[in-house]
Amino acid sequence: MVYAFILFIFAGLAEIGGGYLVWLWLREGKPYWYGLIGSMILILYGIIPTFQSFPSFGRVYAAYGGVFIILSVLWGWVIDKKTPDTYDWIGAIICLVGISIMLWAPRN
């Protein structure tokens, strides 16, 4: 479970960080190498989930979606200095509950 959690965090940071660098390049006029580095990080994001032990691609990516939502709220708070409001936190908690149910619910 710890290994899965670490992979979720690394993939989330790669997805958000890579996307952020591409955003800065295209939307904020940063140098082209921001886009190149961001694109390389996004390729890494595509590789990291393959190390998960869960057998279902769809279930793993759905769970990643919830993790990304939570990490995006935190990224916005720390990097963009946009303080999350009550509804952001409620949504993040709902995602966390959903992720837990999807990945660790008993199945036959």
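What the sequence shown shows, in the numbering used here, is residues 8 to 115, in sequence order. Even for Gly, the Cβ is constructed at its ideal location relative to N, Cα and C. The model shown is predicted, which means the values in this text are computed figures rather than measured ones.
Cutoff 6 Å; reference residue i; Cβ partners in own chain excluding five residues on either side
i	result
Pro56	Ala18, Val67
Ala70	Ile106, Met109, Leu110
Ile54	none
Gly26	none
Residue i versus residue j: straight-line alpha-carbon distance, rounded
i	j	result
Ser60	Ala11	8 Å
Ile23	Ile108	24 Å
Lys37	Asn115	51 Å
Met8	Trp30	32 Å
Leu51	Asp92	31 Å
Pro62	Ile16	19 Å
Residue j beta carbon less than 8 Å from that of residue i
i	j	result
Ile106	Gly73	yes
Phe58	Leu14	yes
Ala82	Thr90	The sequence given here has Trp at residue 82, not Ala. Not in contact: Trp82 and Thr90 (Cβ atoms no closer than 8 Å).
Leu20	Tyr41	no
Neighbourhood of residue i by C-beta, 7 Å cutoff - its chain only, sequence neighbours within 5 removed
i	result
Ile77	Ala99, Cys102, Leu103
Same chain, Cβ closer than 8 Å to residue i, five either side skipped, listed in chain order
i	result
Leu43	none
Phe75	Gly19, Glu22, Ile23
Pro113	none
Between the segment 45-56 and the segment 93-101, can you find at least three pairs of beta-carbon atoms closer than 8 Å? no
List, from N- to C-terminal side, the beta strand (DSSP E) runs of 3 residues or more that fit wholly inside the segment 56-99. none
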